[in-house]
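**Student:**
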Ligand SMILES: NC(=O)c1ccc[n+]([C@@H]2O[C@H](COP(=O)([O-])OP(=O)(O)OC[C@H]3O[C@@H](n4cnc5c(N)ncnc54)[C@H](O)[C@@H]3O)[C@@H](O)[C@H]2O)c1
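In our numbering, the protein residues as written are 6 to 285.
1. Assuming residue 235 and residue 29 are in contact, meaning their beta carbons sit under 8 Å apart, how far apart are those beta carbons, in whole angstroms?
2. Once you ignore the five residues that flank residue 111 on each side, which residues in its own chain have a CB closer than 7 Å to its CB?
3. Quick check on residue 131: does DSSP put it in helix, strand or coil?
4. According to DSSP, is residue 64 helix, strand or coil?
5. Could you spell out the range, first to last residue, of the alpha helix (DSSP H) harbouring residue 167?
6. Evaluate residue 106 with the Cβ neighbour count: other Cβ atoms within 10 Å of its Cβ, from every protein chain shown; 16 or more gives buried, anything less gives exposed.
7. Just to confirm, are residue 96 and residue 18 a CB contact at a threshold of 8 Å?
8. With distances taken from CA atoms, which of 255, 24 and 42 is nearest residue 155?
9. When DSSP builds the beta bridges, which residues end up paired with residue 103?
10. Quick one: what's got a C-beta closer than 6 Å to residue 43's C-beta in the same chain, skipping five residues either side?
11. Note the first and the last residue of the continuous beta strand (DSSP E) segment covering residue 78.
12. So, for residue 242: in the same chain, excluding its five sequence neighbours on each side, which residues have a beta-carbon less than 6 Å away from its beta-carbon?
13. Is residue 24 near ligand 1, judged by its Cβ being under 7 Å from some heavy atom?
14. Rank 194, 182 and 124 by C-alpha distance to the C-alpha of residue 170 and give the top, closest one.
15. Taking C-beta to C-beta, are residue 90 and residue 13 nearer than 8 Å?
16. Measuring from the CB of residue 202, is there a heavy atom of ligand 1 at a distance below 7 Å?
17. Is residue 120 buried or exposed, if buried means 16 or more other CB atoms sit within 10 Å of its CB?
18. Using alpha carbons as the reference points, say which of 116, 94 and 158 lies closest to residue 128.
19. Quick one: Cα of residue 192 to Cα of residue 281, how far?
20. With a Cβ-Cβ cutoff of 8 Å, do residue 228 and residue 195 count as a contact?
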């Protein structure tokens, strides 16, 4: 999507971290911004920053887990702005530090609901409307390096981020006929509030909780500046990149995963050769 100025970007989870970084980067490029976040205070702070850049900003308190709230967001955007050419499904949370069998159901439910259903709700509400707009449209879904490689002790998070990566690649293929493209944002450490994501945990999932984990907190504190990530995302949208890898060393994760997969084909070929008649 080459033309940004004068268009509208809707960003979930824009009240903090990477979402805020994207909101500022797209505002700098002349876009009007819709900040959607469960944290109204954070959303309003970012709304003020966007307005200080001279752009129009609507701040809406939205829980992406609630389909009717995301639908109401889309309705409001279309009635106030006439549409949005860019949707960033970015809101995300995580639990940290437990093996997959030890996590309570409520932790699984929370992370799956926000990170996966939140993205699905964004696509359900916005895609039918975006299809009707003239010109190129773009969706950025925030996945993670945990959506590509192994990420021990954050299993619900990894499951959702693999899901978001798959959804994004599918949308890129499916959306082409409607001039809707899609990028999967795959960051490694970025210095944001992600380690404290339990701060905004909804009552339905047990209410606010400390999710902090010292090791992860130190890793995240040394992470990239989210505003820099926002600018990288902006350029990737202009250049229509399918994946946005913020960290160079993620390449090793990709290589490692596909090497392990290819090695499994060698093993399977040897097994088939030893067991003729059982394969195609
Ligand atoms: N920070 C990292 O190192 C990192 C790495 C890879 C991927 N990510 C992903 O980046 C995205 C943004 O996270 P961040 O790191 O900026 O963290 P953050 O906590 O700073 O920002 C996340 C925002 O999402 C909002 N949010 C949480 N639940 C919500 C809900 N139900 N509905 C609407 N908004 C909700 C929060 O209020 C917050 O403003 C997430 O999807 C996260 O998984 C982050």
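Glycine is no exception: its CB is placed at the ideal position from the N, C-alpha and C atoms.
**Tutor:** In short:
1. Sure, about 6 Å apart at Cβ, within 8 Å.
2. A distance below 7 Å between beta-carbons, with the five flanking residues on each side excluded, links residue 111 to the following residues of its chain, in chain order: 210 and 211.
3. In the structure shown, residue 131 sits in a helix (DSSP, three-state: H, G or I).
4. Secondary structure of residue 64 (DSSP, three-state): strand.
5. DSSP places residue 167 inside the alpha helix (DSSP H), whose first and last residues are 160-180.
6. Under the 10 Å beta carbon count, residue 106 is surrounded by fewer than 16 other beta carbons and is classified as exposed.
7. A distance below 8 Å separates the beta carbons of residue 96 and residue 18.
8. Considering only 255, 24 and 42, the residue with the shortest C-alpha distance to residue 155 is 255.
9. DSSP lists 159 as partners of residue 103.
10. Contacts found: 68 and 205.
11. It is not in any beta strand (DSSP E) - residue 78 instead sits in the alpha helix (DSSP H) that spans 72-86.
12. Cβ neighbours of residue 242 beyond the five flanking positions: 6 and 143.
13. Checking every heavy atom of ligand 1 against the Cβ of residue 24, one is found closer than 7 Å.
14. For residue 170, the nearest C-alpha among the options comes from 124.
15. Going by C-beta atoms, residue 90 is nearer than 8 Å to residue 13.
16. Flag set: Cβ of residue 202 near ligand 1.
17. Here residue 120 is buried, its C-beta having at least 16 other C-beta atoms within 10 Å.
18. Ranking the options by Cα distance to residue 128, first place goes to 94.
19. If I take the Cα positions, the gap works out to 44 Å.
20. Yes.
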